[in-house]
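Take 6 as the starting number for the sequence shown in my numbering and just add one per residue.
For reference, the structure is listed below as structure tokens.
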Amino acid sequence: MPHAQSRGAAAEIAVIGAGVHGASAAFHLARRGLDVVVFEQGRPAGGPTGRSSGICRAYYTQPFLARVAHDSIAFLAGFAEHTGGGDAGFVRTGGLYLHGPDDVADARRTAATLVDLGIDLETLDADEVAGRFPGIDVGDGAGNGPGADGRDGNVAIAVREEQAGYADPYRTTWGFVTAARAHGALVHTDARVVRIAETPGQVELTTADGTTHRARRLLLAAGPWTAPLAAQLGITLPLHAERHVVAVLGPACAASAAGGGTSGSGSARRGAPAPGIPGPDADAGVIIDVAGGDYAAPQPDGGWLLGGLDSTPPVDPDTTPAPVGDAEFAQLAEAALRRRPGRPGEARARAGGWSAFYDVSPDWQPVIGQITDRVWVDAGTSGHGFKLAPVLGDHVAGLLAGEQPAPGLAAFSPSRFTTGDPLTAGFGTARILG
């Protein structure tokens, strides 16, 4: 059993979790001149953050999140300027969001609202999508679109965002950690917090080695492990973990070069071929296919990341995410094939994949705010948190620093679930779109 020991004077603020949200908040707190100590159970970006697809878009139905995402994209694009060094790996590709007939009114209304906020968006009808992006099958308008799982699949309207793209979650997180340390923050790795307790004037944190640390204020930013920590304080956060899959298609090649079939076990193996599977239309950039239920993000090597938009059953975050199975890969690849048939004679090989846990709230929106006298939370980002973290971390830091909250932030308070004020966001079952 570890020998119990205690560290000295209390820090001003402790942060549990060095995923991108905890790392961003730590940077913004340290930049304010506050004494910050971070506890990470493994390595920064070693959990869900490091397995994010890294998509960056400002197309949100929630105006506050849209503004945060828009400003975060600018932050990522100028990462070194904002943090004093590093590179978030941001690549601007543009984004295309495909909607079916049921979403027409909501998509138009959302786009108009965001344009009024200064976000550059354009709406396209199905014919305009087909003309501008001929590699995309928009369907025939008669219920015979390229959908799956009972979806119609027809595109009735699309929204184009030229500023969208993707960034590298790992480099972004480590950039924040490095910048936080440069401003004086102390970051403990391999330091899992196993116990937290409020005592008069401070919070006590005990790590797995038996050491007790103290801080005057605490931020819980531990992703899927946030709710169990909050429960130690008698606070119930209605968060659960879900396993989500990302499949990787390699760069385009001749169909004969990708031959040989998908083989073997349920793991996603680099180089295992998937003959006849093309990639999405590169000119469109990031494609979020609400009508079809999936997304595709281009990669620097010409390959693509593919994932789904819908919820999955709850899982235990202390288990290891199962590898991507052949059936899971095939389902996502077939969705890409239906929507984006590709060029004749062209195919893409299976190039790997992974699964990760999302920490999901009941309304699929972030849970941000104070839960006890000395404890705040930033969690429940529900699979769309990476793109928000650079600027949302500044707002969260402001809360712990006692600053006036940004307009709109209060709607994301944990109390909304007990007062009956959950947020409405996303489109249909694709609530991940916020």
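Even for Gly, the Cβ is constructed at its ideal location relative to N, Cα and C.
Since this is a predicted model, take the numbers as computed values, not measurements.
Rounded to the nearest angstrom, what separates residue i and residue j at their Cα positions?
i	j	result
phenylalanine 95	leucine 242	33 Å
threonine 178	histidine 87	14 Å
valine 182	valine 42	11 Å
isoleucine 292	glycine 158	14 Å
proline 205	isoleucine 376	16 Å
valine 25	leucine 210	21 Å
histidine 33	proline 233	26 Å
valine 329	alanine 187	38 Å
glutamate 339	glycine 297	11 Å
leucine 337	glycine 99	22 Å
valine 20	glutamine 370	21 Å
glutamine 67	aspartate 214	42 Å
glycine 239	arginine 343	49 Å
threonine 212	valine 192	13 Å
glycine 413	threonine 429	14 Å
arginine 176	alanine 184	12 Å
histidine 389	glycine 140	27 Å
alanine 31	alanine 402	8 Å
glycine 374	glutamate 133	43 Å
tyrosine 65	serine 77	13 Å
phenylalanine 362	arginine 62	21 Å
proline 427	phenylalanine 69	15 Å
glycine 52	alanine 289	30 Å
glutamine 440	alanine 235	Only positions 6 to 439 of the chain appear in this structure, which leaves residue 440 out of reach.
valine 160	tyrosine 300	14 Å
glycine 4	alanine 335	The question about residue 4 has no answer, for the chain in this structure spans 6 to 439.
isoleucine 124	alanine 74	10 Å
threonine 423	arginine 48	34 Å
Using the Cβ count rule (16 or more neighbours within 10 Å means buried), how would you classify residue i?
i	result
leucine 438	buried
glycine 136	exposed
leucine 122	exposed
alanine 420	In the sequence under discussion, the amino acid at residue 420 is serine, which differs from the alanine named in the question. Serine 420 is exposed by the Cβ-count criterion.
glutamate 408	exposed
glycine 27	buried
glutamine 237	exposed
proline 305	exposed
arginine 4	The structure shown does not extend to residue 4, since the chain is modelled only from 6 through 439, so no value can be given for it.
aspartate 145	exposed
alanine 93	buried
glutamate 167	exposed
leucine 254	buried
glycine 398	buried
alanine 169	buried
glycine 55	buried
glycine 425	exposed
aspartate 142	buried
aspartate 368	buried
alanine 14	exposed
glycine 189	exposed
In chain order, what residues of the same chain lie with their CB nearer than 8 Å to the CB of residue i, ignoring the 5 residues before and after it?
i	result
valine 295	Tyr102, Leu103, His104, Gly105, Asp108, Leu314, Phe432, Gly433, Ala435, Leu438
threonine 128	Ala112, Arg113, Ala116, Ile162, Ala163, Val164, Arg165
alanine 16	Asp40, Val41, Val42, Leu191, His218, Arg219, Ala220, Arg221
phenylalanine 138	Leu101, Asp286, Asp288, Ala289
For residue i, which residues in the same chain have their Cβ closer than 6 Å to its Cβ, ignoring the five residues on either side in sequence?
i	result
glutamate 45	Ala23, Thr194
leucine 119	Ala71, Leu126
alanine 302	Ser58, Ile60, Tyr171, Val291, Leu310
proline 319	His245
proline 256	Asp306, Gly307, Gly308
alanine 394	Val25, His26, Ser29
alanine 411	His400
Could you pull out every residue in the same chain whose Cβ sits closer than 7 Å to the Cβ of residue i, ignoring the five residues on either side in sequence?
i	result
threonine 231	Leu225, Leu242, Leu244, Asp364, Val382, Ala384
serine 57	Pro174, Phe391
arginine 37	Ala402, Ala406
glycine 271	Because the pLDDT of glycine 271 is 27, which lies under 50, any placement of that residue in the model is unreliable, and the number read from its coordinates should be weighed accordingly. Counting only Cβ-Cβ distances below 7 Å, and skipping sequence neighbours, we find Pro328, Gly330, Asp331.
Tell me, to the nearest whole angstrom, how far the beta carbon of residue i is from that of residue j; I am working on the premise that it is less than 8 Å.
i	j	result
phenylalanine 84	glycine 180	6 Å
valine 356	glycine 308	Strictly speaking, residue 356 in this sequence is alanine, with valine absent from that position. Indeed they touch by this definition, with Cβ atoms about 6 Å apart.
aspartate 378	glutamate 203	7 Å
proline 5	serine 360	Here the chain comprises residues numbered 6 to 439, so residue 5 is not present and cannot be evaluated.
leucine 223	valine 372	Not a contact, Cβ separation roughly 15 Å.
glutamate 250	glutamate 333	This sequence places valine at residue 250; glutamate is not what is there. So it is a contact: roughly 5 Å between Cβ atoms.
threonine 324	glutamate 247	That pair is no contact at about 12 Å.
Relative to the ligand MG, is the shortest distance from any of its heavy atoms to the C-beta of residue i smaller than 8 Å?
i	result
glycine 297	Within the structure as shown, the ligand MG is missing, as the structure has no ligands at all.
- Item | alpha helix (DSSP H) runs contained entirely in the segment 154 to 212, provided each spans 4 or more residues | As far as the segment 154 to 212 is concerned, its whole alpha helix (DSSP H) runs of at least 4 residues are 174 to 187.
- Task: Kindly provide the ranges of any beta strand (DSSP E) runs that are 3 or more residues long and lie completely inside the segment 336 to 397, ordered along the chain.
- Result: If we require 3 residues or more, the beta strand (DSSP E) runs fully inside the segment 336 to 397 come out as 351 to 365, 372 to 375, 380 to 384.
- Query: Which runs of the alpha helix (DSSP H) fall wholly inside the segment 125 to 150 and span at least 4 residues, in chain order?
  - Reply: Those alpha helix (DSSP H) runs which fall completely within the segment 125 to 150 and span 4+ residues are 131 to 137.
- Ranges of the alpha helix (DSSP H) found wholly within the segment 20 to 48, counting only runs of at least 4: Considered as a whole, the segment 20 to 48 harbours 25 to 36 as its complete alpha helix (DSSP H) runs of no fewer than 4 residues, in chain order.
- Item | Complete runs of the beta strand (DSSP E) confined to the segment 58 to 117 [at least 3 residues] | Restricted to the segment 58 to 117, the beta strand (DSSP E) segments that are unbroken, complete and at least 3 residues in length are 100 to 104, listed in chain order.
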